[in-house]
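*Asks:* Sequences listed follow chains A and B, in order. No gaps in the numbering here: position 94 of the first sequence is 170 in our numbering, and each next residue is one more. No gaps in the numbering here: position 318 of the second sequence is 394 in our numbering, and each next residue is one more. Glycine is no exception: its CB is placed at the ideal position from the N, C-alpha and C atoms.
2 protein chains.
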Amino acid sequence: MSTGDETIGTDKGQDDAYMLDRRRVAQILYAVDTNDKAELANLMEPLHAADIADLLEQVNAYDRARLIRLYDREFDGEILSELDEAIREEVIAILNPQVLAEAVRDLDSDDVVDLLEDLEEPQQEAILDALEDSDRVAIEQSLSYPENSAGRLMQREVVMAPEHWTVGQAIDFMRERSDLPAQFYHVVMVSPRLHPVGNVTLGRIMSARREVPLTDLREETFQVIPADQDEEDVAYAFNQYHLISAPVVDDEGRLVGVITIDDAMAVLDEEHEEDILRLAGVGEGSLSDRVIDTTKRRFPWLAVNLVTAVLASMVISMFEDTIARFVALAVLMPIVASMGGNAGTQSLTVAVRALATRDLTGSNVWRVIRREVLVGLVNGLIFAVVMGCVGLLWFGSPQLGAVIGVAMVINLVVAGLAGTVVPVMLEKMNVDPALASGAFVTTVTDIVGFFAFLGLAGLVLL
Amino acid sequence: MSTGDETIGTDKGQDDAYMLDRRRVAQILYAVDTNDKAELANLMEPLHAADIADLLEQVNAYDRARLIRLYDREFDGEILSELDEAIREEVIAILNPQVLAEAVRDLDSDDVVDLLEDLEEPQQEAILDALEDSDRVAIEQSLSYPENSAGRLMQREVVMAPEHWTVGQAIDFMRERSDLPAQFYHVVMVSPRLHPVGNVTLGRIMSARREVPLTDLREETFQVIPADQDEEDVAYAFNQYHLISAPVVDDEGRLVGVITIDDAMAVLDEEHEEDILRLAGVGEGSLSDRVIDTTKRRFPWLAVNLVTAVLASMVISMFEDTIARFVALAVLMPIVASMGGNAGTQSLTVAVRALATRDLTGSNVWRVIRREVLVGLVNGLIFAVVMGCVGLLWFGSPQLGAVIGVAMVINLVVAGLAGTVVPVMLEKMNVDPALASGAFVTTVTDIVGFFAFLGLAGLVLL
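1) Are the beta-carbon atoms of Ala419 of chain B and Thr521 of chain B separated by less than 9 angstroms?
2) Would the segment 175-183 of chain A count as touching the segment 375-388 of chain A if we require 3 or more Cβ pairs under 8 angstroms?
3) Cβ of Phe314 of chain B within 9 angstroms of Cβ of Met341 of chain A?
4) Nearest-angstrom Cα distance between Thr83 of chain B and Ala258 of chain B?
5) Once you ignore the five residues that flank Gly89 of chain B on each side, which residues in its own chain have a CB closer than 6 angstroms to its CB?
6) Under 8 angstroms: do the segment 402-415 of chain B and the segment 482-491 of chain A share three or more Cβ pairs, one atom per stretch?
7) Along chain B, in chain order, which residues have C-beta atoms closer than 7 angstroms to that of Ala406 of chain A?
8) Using CA atoms only, rank isn't needed, just tell me which of A:Val276, A:Glu216 and A:Glu233 is closest to Thr242 of chain A.
9) Using the C-alpha atoms, what's the distance from Trp442 of chain A back to Asp351 of chain B?
10) Verify the CB distance criterion: does Asn224 of chain A have a CB-CB separation below 9 angstroms to chain B?
11) Counting only beta-carbon atoms, is Glu287 of chain A nearer than 9 angstroms to chain B?
12) Under a CB-based cut-off of 9 angstroms, is Arg232 of chain B close to chain A?
13) Exposed or buried, what is Thr110 of chain A when buried is set at 16 or more other beta-carbons lying within 10 Å of its beta-carbon?
14) Per the contact definition of three or more C-beta pairs closer than 8 angstroms, is the segment 282-291 of chain A in contact with the segment 238-253 of chain A?
15) Comparing C-alpha positions only, which one of A:Glu201, A:Ala162 and A:Asp152 sits nearest to Leu183 of chain A?
16) Three-state secondary structure (DSSP) at Asn118 of chain B?
17) Quick check on the DSSP output: the beta strand (DSSP E) that includes Asn275 of chain B runs from which residue to which?
18) Only counting runs of 4 or more residues, tell me where the alpha helix (DSSP H) segments fall wholly within the segment 399-458 of chain A, in order along the chain.
19) What does Ile301 of chain A pair with, by DSSP beta-bridge criteria?
20) DSSP three-state call for Leu538 of chain A: helix, strand or coil?
21) Does the Cβ-Cβ distance between Phe527 of chain B and Val391 of chain B come in under 9 angstroms?
22) Looking at the structure shown, is Ser254 of chain B part of a helix, part of a strand, or coil, going by DSSP?
23) From the DSSP secondary-structure annotation, give me the bridge partner or partners of Leu331 of chain B.
24) Spell out the partners DSSP gives Pro289 of chain A in its beta bridges.
25) By the three-class DSSP mapping on this structure, what secondary structure does Val264 of chain B have?
26) The alpha helix (DSSP H) with Asn172 of chain B in it runs from where to where?
27) Just mark Met250 of chain A as buried or exposed, buried being the case when its beta carbon has 16 or more other beta carbons within 10 Å.
28) If we cut at 9 angstroms on Cβ distances, does Trp377 of chain B have a partner in chain A?
29) Any beta carbon of chain E sitting closer than 9 angstroms to that of Val482 of chain B?
30) Taking contact to mean at least 3 C-beta pairs separated by less than 8 angstroms, is the segment 193-202 of chain B in contact with the segment 162-172 of chain B?
31) What is the DSSP secondary structure of Gln259 of chain A, counted as helix, strand or coil?
32) In three-state terms, what does DSSP make of Ala284 of chain B?
33) So is Glu307 of chain A buried or exposed if we call it buried at 16+ other beta carbons inside 10 Å?
34) Which residues in the same chain have their Cβ closer than 7 angstroms to the Cβ of Gly333 of chain A, if we skip the five residues on either side of it in sequence?
35) Going by DSSP, what residues sit across from Asp306 of chain B in a beta bridge?
36) Assign Ala179 of chain B to one of three DSSP states: helix, strand, or coil.
Below is the structure:
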């Protein structure tokens, strides 16, 4: 299936496509063990910088340090760009300063910005010092835009042409310039005041006659990105409108740079990752973080959960007398709470995603809430019957079966309602719904679940 | 901030960037109410097909049908491509067959494939019948590749050149051809047997002298995609190696098509969405699905959860006598289970993501498991102290405080262990860890939590 022409040293089997080849990892570590510099360079040569970064992340800290020292001058700047933040700082500290300077000098300016953003002050300085003055100024300018903004994401090199030019003029202009960016896909047409007015793809320029005006070839979809726009919105625009590249403008609407789809794709990937981890109560971070950092990051969510769990316990303690007389209630009550929690998580995840993709708006919020409540009602009724039977068969009490059934319906309806209303309200209050919805919704379903079940039991069974 | 040059009718404010403008939605619905065809066409004209699709998804079914009938011949095929599956079938059923035929004829072949995949047989036939014979054959060929494979994702039009050509030959060739694809970024160099051997970007061709051989300009990173590779792996390769386009080859390694980054980005987006929803126990689907479909999709996960909750209840019922004597146990036991469930979800989410991004492999799995267990231990110890105090202060029993503290440590350690081992094992067994991990891990933490807490209480308090 592989053509033998491509050379990246990853496994191409259907199951583990693009997984780092374990044998090669073992060979590399063996070369490190035997201090065999030539063999190491040889084994690493076919690997893409992204794969080398993965390799460095996956081996332990001791092997990593030895590998980097042995690899020495072969170390490429792109590997740094691809590394996880935690490992990156470690690697920079290990690298010979001269190798580091060389590695960084080869990088594109937007990659250097990406690298610098996450570093501590002294490491930032060390890298900036290694750069030539002109590069340094350009990078400091980029860093003057807010974090996570289009201004930081863009590259500053843009190929532009006056809007009145023809294909021939554009081609001659490009073929005369020696400093075209390595990757570009569009020529941006600009007005005399440098406002971008349209995009023309290189493919169209290639296939049109020389006398055709550029404006005749302009792309139908054209988006201009303000430099201070959040990168999340930039990624959304690229995905929504299938953009390949988009011009970035300053406050006065003048062209200052261009963002290409590969950067937007990386942002989309990060934002999704962040959302998934936030929904699970895990902050940002990576597999290679230390135990102490991971513990710190997981702690807050568990602490919030402890408070909500204690609140739920207080509800239970209101019914201690009832439980003392019917211990079966203690056996069954976690079922009601657990089902409510799960149904609530289902609803809130759908709502959080729909908010992120702009699919849940003022136009349909009431319809979505109604639907979630109805779904909770239907599923609640089904599980009420099931649990009613379980209650009856297990404990021989039709009243107990009825109580757990009714509590189930109540809790699943409330789960659907809270699972939608909570994220929508949080979004309105400018709190990230992915981060905070879970705690609120499970608090509601725990409290309602215990209260409905034990309260009804108190009324019916006593 | 807006330049006034771009025309897409979405709100560009910082908070709601790219959100559909509510006023425009209201105006559109008013035009539908007053049956004002000209005004409707006028209001819709500046909207991108993706925004029109969002609009159709967000209004209710009655307005949607009226809008589509009034919009009539203006309806563009691209809107269909952008619609959610559920709504898409509904819209196709409403569309005048002639309008539908026209709309589909304008689409690129890969978009038609994307459209057909999800449709029922009779609707598929209706659309295929509307196509010209040559298009029909091409589309049926694409449909012969497995679902979700690179073969379905690729476009068949490729710009290729023999590997021995110069820049001048490539330019002359392209400028003579009238049927170049609308969007292309690379010229693929091929061997005489049509095996792709390298990529050259149009930008580099533009800026090189005519006599330079194409091979001198080849991109450093070059990936060849087998046509039967899963689209998820394709998206991973694009993201990992920062590809813009990649040639697709058949079993013999011959060039059959090309995949571009915008398609890979759409797949990445879908796969992430799927992972998020699966982790929450929600199947695929969209906000616009009917109540009955949503209920069916949510039901299986809730049913699995009911079984695991009943298992946990059985553990509790083993300790009925203990609970009957110390009702405080019933009050406190959900706290231990809840903390374990949350810690387990944290660990499993990190593990599931790391598996998806190929960051968790044989090289580091033991180190990750050890880390998760240590994180569970440290957090467990902290919360053990907190809950020990709560137990003591609330119920005045140091023994009860000690029991809940020890149970907490045990359950958080088990949560870290199960949260990592379960997804890794599921992946090894080729079961999607995003889909199934949650149920297993919470079963473990529920059972261990109740057993540890109530069992210890039985030993210490009785």
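*Replies:* Reading from the atomic positions:
1) In the second sequence, counting from the first residue as 1, residue 419 of chain B sits at position 343. In the second sequence, counting from the first residue as 1, residue 521 of chain B sits at position 445. In this structure, Thr521 of chain B lies closer than 9 angstroms to Ala419 of chain B by Cβ.
2) No, the segment 175-183 of chain A is not in contact with the segment 375-388 of chain A.
3) Counted from its first residue, the second sequence places residue 314 of chain B at position 238. Counted from its first residue, the first sequence places residue 341 of chain A at position 265. Contact: yes.
4) Locating residue 83 of chain B in the second sequence gives position 7, counting from the first residue. Locating residue 258 of chain B in the second sequence gives position 182, counting from the first residue. Because the pLDDT of Thr83 of chain B is 38, which lies under 50, any placement of that residue in the model is unreliable, and the question is left without a value.
5) Reading the second sequence from its first residue, position 13 is the one you call residue 89 of chain B. Residue placement at Gly89 of chain B is flagged as unreliable, the pLDDT there being 43, under the threshold of 50; a coordinate-derived value is accordingly withheld.
6) Counting Cβ pairs under 8 angstroms, fewer than three are found: no touch.
7) Indexing the first sequence from 1 puts residue 406 of chain A at position 330. The contacting residues are Ile392, Ile399 and Ala406.
8) Counting from one through the first sequence, the residue named residue 242 of chain A turns up at place 166. Per the Cα distances, A:Val276.
9) Working through the second sequence from its first residue, we reach residue 351 of chain B at position 275. Working through the first sequence from its first residue, we reach residue 442 of chain A at position 366. In a straight line, the C-alpha of Asp351 of chain B is about 27 angstroms away from that of Trp442 of chain A.
10) Here residue 224 of chain A corresponds to residue number 148 of the first sequence, with the count starting at 1. No, Asn224 of chain A lies away from the interface with chain B (no Cβ there is under 9 angstroms from its Cβ).
11) The count along the first sequence starts at 1 and reaches residue 287 of chain A at position 211. No, its Cβ sits nowhere closer than 9 angstroms to a Cβ of chain B.
12) Residue mapping note: residue 232 of chain B aligns to position 156 of the second sequence, counting from 1. No, Arg232 of chain B lies away from the interface with chain A (no Cβ there is under 9 angstroms from its Cβ).
13) In the first sequence, counting from the first residue as 1, residue 110 of chain A sits at position 34. It counts as exposed.
14) Because the criterion of three Cβ pairs below 8 angstroms is met, the segment 238-253 of chain A and the segment 282-291 of chain A touch.
15) Along the first sequence, one-based indexing puts residue 183 of chain A at 107. The shortest Cα separation from Leu183 of chain A among A:Glu201, A:Ala162 and A:Asp152 belongs to A:Asp152.
16) The count along the second sequence starts at 1 and reaches residue 118 of chain B at position 42. DSSP places Asn118 of chain B in helix when its eight states are reduced to three.
17) Reading the second sequence from its first residue, position 199 is the one you call residue 275 of chain B. Element bounds for Asn275 of chain B: Pro272 to Thr277.
18) Within the segment 399-458 of chain A, the runs of alpha helix (DSSP H) that reach at least 4 residues and sit entirely inside it are, in chain order, 404-432.
19) Translated into the one-based positions of the first sequence, residue 301 of chain A becomes position 225. Ile301 of chain A is bridged to A:Val324.
20) On the first sequence, position 462 is the one that residue 538 of chain A refers to. Reduced to three states, the DSSP call for Leu538 of chain A is coil.
21) By 1-based counting over the second sequence, the position of residue 527 of chain B is 451. By 1-based counting over the second sequence, the position of residue 391 of chain B is 315. With contacts defined by Cβ atoms closer than 9 angstroms, Phe527 of chain B and Val391 of chain B form a contacting pair.
22) Numbered from its first residue, the second sequence carries residue 254 of chain B at position 178. In the structure shown, Ser254 of chain B sits in coil (DSSP, three-state: anything other than H, G, I, E or B).
23) Along the second sequence, one-based indexing puts residue 331 of chain B at 255. Bridge partners of Leu331 of chain B: B:Val325.
24) Your numbering for residue 289 of chain A matches position 213 in the first sequence. Per DSSP, A:Thr242.
25) Against the second sequence, residue 264 of chain B aligns to sequence position 188. DSSP places Val264 of chain B in strand when its eight states are reduced to three.
26) In the second sequence, counting from the first residue as 1, residue 172 of chain B sits at position 96. DSSP places Asn172 of chain B outside any alpha helix (DSSP H), giving it a letter other than H or E.
27) Taking the first residue of the first sequence as position 1, residue 250 of chain A is located at position 174. Per the 10 Å Cβ criterion, buried.
28) Counting from one through the second sequence, the residue named residue 377 of chain B turns up at place 301. In terms of beta-carbon proximity, Trp377 of chain B lines the interface with chain A, with at least one pair separated by less than 9 angstroms.
29) This model lacks chain E altogether, as its protein chains are A and B.
30) By the Cβ rule, the segment 193-202 of chain B counts as touching the segment 162-172 of chain B, because three or more pairs are nearer than 8 angstroms.
31) Within the first sequence, numbered from 1, the residue matching residue 259 of chain A stands at position 183. Note: Gln259 of chain A maps to coil in three-state DSSP.
32) Translated into positions along the second sequence, residue 284 of chain B becomes position 208. Three-state result, Ala284 of chain B: coil.
33) Within the first sequence, numbered from 1, the residue matching residue 307 of chain A stands at position 231. Buried, since its Cβ has 16 or more Cβ neighbours within 10 Å.
34) Here residue 333 of chain A corresponds to residue number 257 of the first sequence, with the count starting at 1. Cβ neighbours of Gly333 of chain A beyond the five flanking positions: Met230, Gln231, Arg232, Val234 and Val324.
35) Residue 306 of chain B sits at position 230 when you count from the first residue of the second sequence. Per DSSP, B:Ser225.
36) Within the second sequence, residue 179 of chain B is the residue found at index 103, counting from 1. DSSP places Ala179 of chain B in helix when its eight states are reduced to three.
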